[in-house]
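All remarks here apply to the structure that follows.
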Amino acid sequence: MTQTVKSQYEAFPYPERDPKDERKRMITGSPSHPLEMDHFLWAGQRDWSEPLRVLVAGGGTGDALIQLAQTLTNARKKYEITYMDLSAASREIAEKRAKIRGLKRINFITGSLLDAPDLGSFDYIDCCGVLHHLPEPQEGFDALSRALSPKGGIGLMVYAPYGRSGVYPLQQAFRTLFEHLTPEEQLKAASDVFKRLPEGHVFKRNPHLGDHKVSAAGFYDLLLHSTDQAYTIDRLIATMEVAGLEFCGTPNALQYDLARFLQGSSKELDRKTAMATAEKLDGTIKLHVVYGRRADGTAGGPAKGMSDDIPHLRNVKPAQLAAGVAKLGSISLTVFGTPYKIAMPKQAAPIIAAIDGRTTIDHLRKKSGVDPILFAELWPKLALELERFGLLVYSRILV
Numbered sequence: 004m005t006q007t008v009k010s011q012y013e014a015f016p017y018p019e020r021d022p023k024d025e026r027k028r029m030i031t032g033s034p035s036h037p038l039e040m041d042h043f044l045w046a047g048q049r050d051w052s053e054p055l056r057v058l059v060a061g062g063g064t065g066d067a068l069i070q071l072a073q074t075l076t077n078a079r080k081k082y083e084i085t086y087m088d089l090s091a092a093s094r095e096i097a098e099k100r101a102k103i104r105g106l107k108r109i110n111f112i113t114g115s116l117l118d119a120p121d122l123g124s125f126d127y128i129d130c131c132g133v134l135h136h137l138p139e140p141q142e143g144f145d146a147l148s149r150a151l152s153p154k155g156g157i158g159l160m161v162y163a164p165y166g167r168s169g170v171y172p173l174q175q176a177f178r179t180l181f182e183h184l185t186p187e188e189q190l191k192a193a194s195d196v197f198k199r200l201p202e203g204h205v206f207k208r209n210p211h212l213g214d215h216k217v218s219a220a221g222f223y224d225l226l227l228h229s230t231d232q233a234y235t236i237d238r239l240i241a242t243m244e245v246a247g248l249e250f251c252g253t254p255n256a257l258q259y260d261l262a263r264f265l266q267g268s269s270k271e272l273d274r275k276t277a278m279a280t281a282e283k284l285d286g287t288i289k290l291h292v293v294y295g296r297r298a299d300g301t302a303g304g305p306a307k308g309m310s311d312d313i314p315h316l317r318n319v320k321p322a323q324l325a326a327g328v329a330k331l332g333s334i335s336l337t338v339f340g341t342p343y344k345i346a347m348p349k350q351a352a353p354i355i356a357a358i359d360g361r362t363t364i365d366h367l368r369k370k371s372g373v374d375p376i377l378f379a380e381l382w383p384k385l386a387l388e389l390e391r392f393g394l395l396v397y398s399r400i401l402v
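Residues in the sequence shown are numbered from 4 upward in steps of one, following the working numbering.
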């Protein structure tokens, strides 16, 4: 990463976080929630009695670090996490957040993710919002791939172009005008110019962007970054493949589901092309969250929903979801600003209510009290829809 980028994050650590807030809230998301990791990388069957060695590469102010360490601590699992970032200011915030929570077994390093292979091999690597800021991103993908153990997996987030419409012309204009200034001076000058932009500017007409309204660090990271390359989903997967990584899936599968735009049959497309086409039709995707494993490794890949797999519901309470299905025969939810209504047989309500993160699919049938033949008919359809909307994953972390 260039000295310019390092100077930015020393002046404006991103995302802006106040360590004192750790006493009242927990930030969660994707990638790098252990439930998701198990589902996409280890077929939902990881042996969590084995310690997990983690690298948080380009950890910023610590969101992924805190989520990983706190979730594993709560589940009483053994882990060792190495946090690495070029910015000493960002590292200081991450360290304070971990200290307030009393989190242990974290090694803090100030350095470049390009040096990750020198730290040994890792069972899991988080790299969120960093690779697209490298002068040569492929070097970053390659370095992280080399740092993975044979059974290891990686969670990535990179920016996408279509949902960030308007960002890159402004970055270029501000760079031309203000790159000779200090970060603080650039922020002041660009903020003044931004106020004078016409309301018809493509950026101002993009409702999917808001970091510039949240904080100075958000404005700078979005509109003044000196190195920022957006990836389409097919380019991202291709870049992973060059690095020897196999794409395992995304928790945001619905975004890349071409079927939601089509009625009836269409031309047969390979998975990567279909996802890329859906991204073009969607037009609102501003970032990609994906999981990958070493192509020559032994990680298990995505869960298949076998009888001994253990389902978990994410971002929704089983009892609440079951009550809605029992009453309405459907599930209503909003995904990335778009409302959806999913038809769901009312008979599925007891199955949903019985999902507790500890019960296998086989025992779920008995626990729900649903007739075995009806369960065999309902479960595959129920699971498919819940997975599609990112509500269902499989993991053995609680057993």
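Each residue gets a CB set at the ideal place from its N, CA and C atoms; glycine is no exception.
Selection from K307, G252 and V402 that minimises the alpha carbon distance to M387:
Within the sequence shown, the letter at position 384 stands for residue 387. The amino acid at residue 387 is misidentified as Met; the sequence shows Leu. Among K307, G252 and V402, the Cα nearest to that of L387 is on K307.
Compute the Euclidean distance between the alpha carbons of T337 and L394, then round it to the nearest angstrom.
Numbered from 1 along the sequence shown, position 334 holds the residue referred to as residue 337. Numbered from 1 along the sequence shown, position 391 holds the residue referred to as residue 394. The alpha-carbon atoms of T337 and L394 are separated by roughly 12 Å.
Assuming V373 is part of the beta strand (DSSP E), what are its boundary residues?
Locating residue 373 in the sequence shown gives position 370, counting from the first residue. Per DSSP, V373 belongs to no beta strand (DSSP E) and is neither H nor E.
Buried or exposed for Q233, going by 16 or more other Cβ atoms inside 10 Å?
On the sequence shown, position 230 is the one that residue 233 refers to. Note on residue identity: the sequence assigns Ala, not Gln, to residue 233. The residue in question, A233, is buried, as its Cβ has 16 or more Cβ neighbours within 10 Å.
Let me know the secondary structure DSSP gives I157 once reduced to three states.
By one-based count along the sequence shown, residue 157 stands at place 154. The answer is strand: DSSP assigns I157 an E or B state.
Uninterrupted beta strand (DSSP E) stretches inside the stretch 239–310 (no shorter than 3 residues)
Taking only runs of at least 3 residues, the beta strand (DSSP E) segments lying wholly in the stretch 239–310 are 248–252 and 290–297.
Of the choices H135, I358 and G300, whose alpha-carbon is the least far from that of Q323?
Along the sequence shown, read from residue 1 onward, the residue named residue 323 stands at position 320. Of the residues H135, I358 and G300, the one whose Cα lies closest to the Cα of Q323 is I358.
Cut-off 7 Å between Cβ atoms - residues of its own chain near E187, not counting five sequence neighbours on either side
Mapped onto the sequence shown, residue 187 falls at position 184. Excluding sequence neighbours, E187 sits near A14.
Euclidean distance between Cα positions of S52 and Q174
Here residue 52 corresponds to residue number 49 of the sequence shown, with the count starting at 1. Here residue 174 corresponds to residue number 171 of the sequence shown, with the count starting at 1. Roughly 47 Å separates the two Cα atoms.
Run through DSSP, which three-state label would A14 get?
Here residue 14 refers to the residue found at position 11 of the sequence shown. Helix at A14.
Opposite N110 in the DSSP bridges: which residues?
Indexing the sequence shown from 1 puts residue 110 at position 107. Answer is T85, bridged to N110.
Measure the alpha-carbon distance for M278 versus I112 and round it to whole angstroms.
The residue you call residue 278 lines up with position 275 of the sequence shown. The residue you call residue 112 lines up with position 109 of the sequence shown. Using only the alpha carbons, I get a separation of about 37 Å.
For H36, name the three-state secondary structure that DSSP assigns.
Along the sequence shown, one-based indexing puts residue 36 at 33. H36 falls in the coil class under three-state DSSP.
Nearest residue (CA-CA) to L385, options A356, R399 and R149
Along the sequence shown, one-based indexing puts residue 385 at 382. Of the listed residues, the one whose Cα sits closest to L385 is A356.
Pick out whichever of A326, Y127, L134 and T363 has its Cα sitting closest to the Cα of G155.
Numbered from its first residue, the sequence shown carries residue 155 at position 152. Residue Y127 holds the alpha-carbon nearest to the alpha-carbon of G155 among A326, Y127, L134 and T363.
Taking the alpha helix (DSSP H) that H215 belongs to, which residues open and close that run?
As a first step, residue 215 is located in the sequence shown; it is residue number 212 there, counting from the start. Per DSSP, H215 belongs to the alpha helix (DSSP H) from D214 to V217.
Check each candidate in E271, L89 and K81 and name the one with the smallest Cα separation from K107.
Mapped onto the sequence shown, residue 107 falls at position 104. Minimum Cα distance to K107 is reached at K81.
Give me, in chain order, the residues of the same chain whose beta-carbon lies closer than 6 Å to that of A325; leave out the 5 immediate sequence neighbours on both sides.
Working through the sequence shown from its first residue, we reach residue 325 at position 322. Closer than 6 Å at Cβ, skipping near neighbours: A352, I355 and A356.
For I128, which of helix, strand or coil comes out of DSSP?
In the sequence shown, counting from the first residue as 1, residue 128 sits at position 125. Three-state DSSP puts I128 in a strand.
Among K349, R208, V133 and K275, which one has its Cα closest to the Cα of G327?
Here residue 327 refers to the residue found at position 324 of the sequence shown. Of the candidates K349, R208, V133 and K275, the one whose C-alpha sits nearest the C-alpha of G327 is K349.
State buried or exposed for T74, treating a residue as buried only when at least 16 other CB atoms are found within 10 Å of its CB.
Residue mapping note: residue 74 aligns to position 71 of the sequence shown, counting from 1. Buried, since its Cβ has 16 or more Cβ neighbours within 10 Å.
Tell me the rounded alpha-carbon separation between L58 and R399.
Translated into positions along the sequence shown, residue 58 becomes position 55. Translated into positions along the sequence shown, residue 399 becomes position 396. Rounded to whole angstroms, the separation of the alpha carbons of R399 and L58 is 22 Å.
So, for F125: in the same chain, excluding its five sequence neighbours on each side, which residues have a beta-carbon less than 7 Å away from its beta-carbon?
Your numbering for residue 125 matches position 122 in the sequence shown. Excluding sequence neighbours, F125 sits near R56, V57, L58, A150, L151, S152 and G155.
Spatial neighbours of A193 in its chain, beta-carbon cut-off 7 Å, leaving aside the 5 residues before and after:
Residue numbering aside, residue 193 sits at position 190 when the sequence shown is read from its first letter. Its chain contains F177, F181, L226 and L227 as the residues whose beta carbon lies nearer than 7 Å to that of A193, once the 5 sequence neighbours on both sides are disregarded; these appear in chain order.
Pairwise C-alpha distance: I240 and K275:
Counting from 1 along the sequence shown, the entry for residue 275 is found at position 272. Counting from 1 along the sequence shown, the entry for residue 240 is found at position 237. In a straight line, the C-alpha of K275 is about 8 Å away from that of I240.
Which stretch, first to last residue, makes up the beta strand (DSSP E) that contains V205?
Working through the sequence shown from its first residue, we reach residue 205 at position 202. Where V205 is concerned, there is no enclosing beta strand (DSSP E), given that its DSSP letter is neither H nor E.
Hey, would you say D224 sits closer than 8 Å to Y397, going by beta carbons?
Mapped onto the sequence shown, residue 224 falls at position 221. Mapped onto the sequence shown, residue 397 falls at position 394. Taking 8 Å as the cut-off, the Cβ atoms of D224 and Y397 do not count as close.
Have a look at L44, T287, C251 and V245 and flag the residue whose alpha-carbon is nearest the alpha-carbon of R208.
Start at 1 with the first residue of the sequence shown, and residue 208 comes out as number 205. For the residues L44, T287, C251 and V245, the minimum Cα distance to R208 belongs to T287.
Closest Cα partner of I236 within the set V293, I103, E19 and R368
Taking the first residue of the sequence shown as position 1, residue 236 is located at position 233. Comparing Cα positions, the closest option is V293.
Determine whether the beta carbon atoms of F43 and G252 lie at a separation below 8 Å.
In the sequence shown, residue 43 corresponds to position 40, counting from 1. In the sequence shown, residue 252 corresponds to position 249, counting from 1. With respect to G252, F43 sits close: the two C-beta atoms are nearer than 8 Å.
Straight-line Cα distance separating Q189 from W45:
By 1-based counting over the sequence shown, the position of residue 45 is 42. By 1-based counting over the sequence shown, the position of residue 189 is 186. Straight-line Cα distance between these residues: approximately 45 Å.
Could you give the C-beta distance for G65 and A91, rounded to a whole number, given that I count them as a contact under 8 Å?
Position 62 of the sequence shown holds residue 65. Position 88 of the sequence shown holds residue 91. Beta-carbon to beta-carbon, G65 and A91 are separated by about 13 Å, too far to satisfy the 8 Å threshold.
Could you give the DSSP three-state label for W382: helix, strand or coil?
By 1-based counting over the sequence shown, the position of residue 382 is 379. If DSSP states are grouped into helix, strand and coil, W382 belongs with the helices.
For G360 and I313, which I take to be in contact (beta-carbon distance under 8 Å), what is that distance rounded to the nearest angstrom?
Taking the first residue of the sequence shown as 1, we reach residue 360 at position 357. Taking the first residue of the sequence shown as 1, we reach residue 313 at position 310. That pair is a contact at about 7 Å.
Is the beta carbon of G143 sitting closer than 8 Å to the one on L184?
As a position in the sequence shown, residue 143 is number 140, starting the count at 1. As a position in the sequence shown, residue 184 is number 181, starting the count at 1. Cβ atoms of G143 and L184: not closer than 8 Å.
Which whole-angstrom value is the C-beta distance of P140 and T5, which I expect to be below 8 Å?
Locating residue 140 in the sequence shown gives position 137, where the first residue counts as 1. Locating residue 5 in the sequence shown gives position 2, where the first residue counts as 1. Contact doesn't hold; Cβ gap of about 13 Å is too wide.
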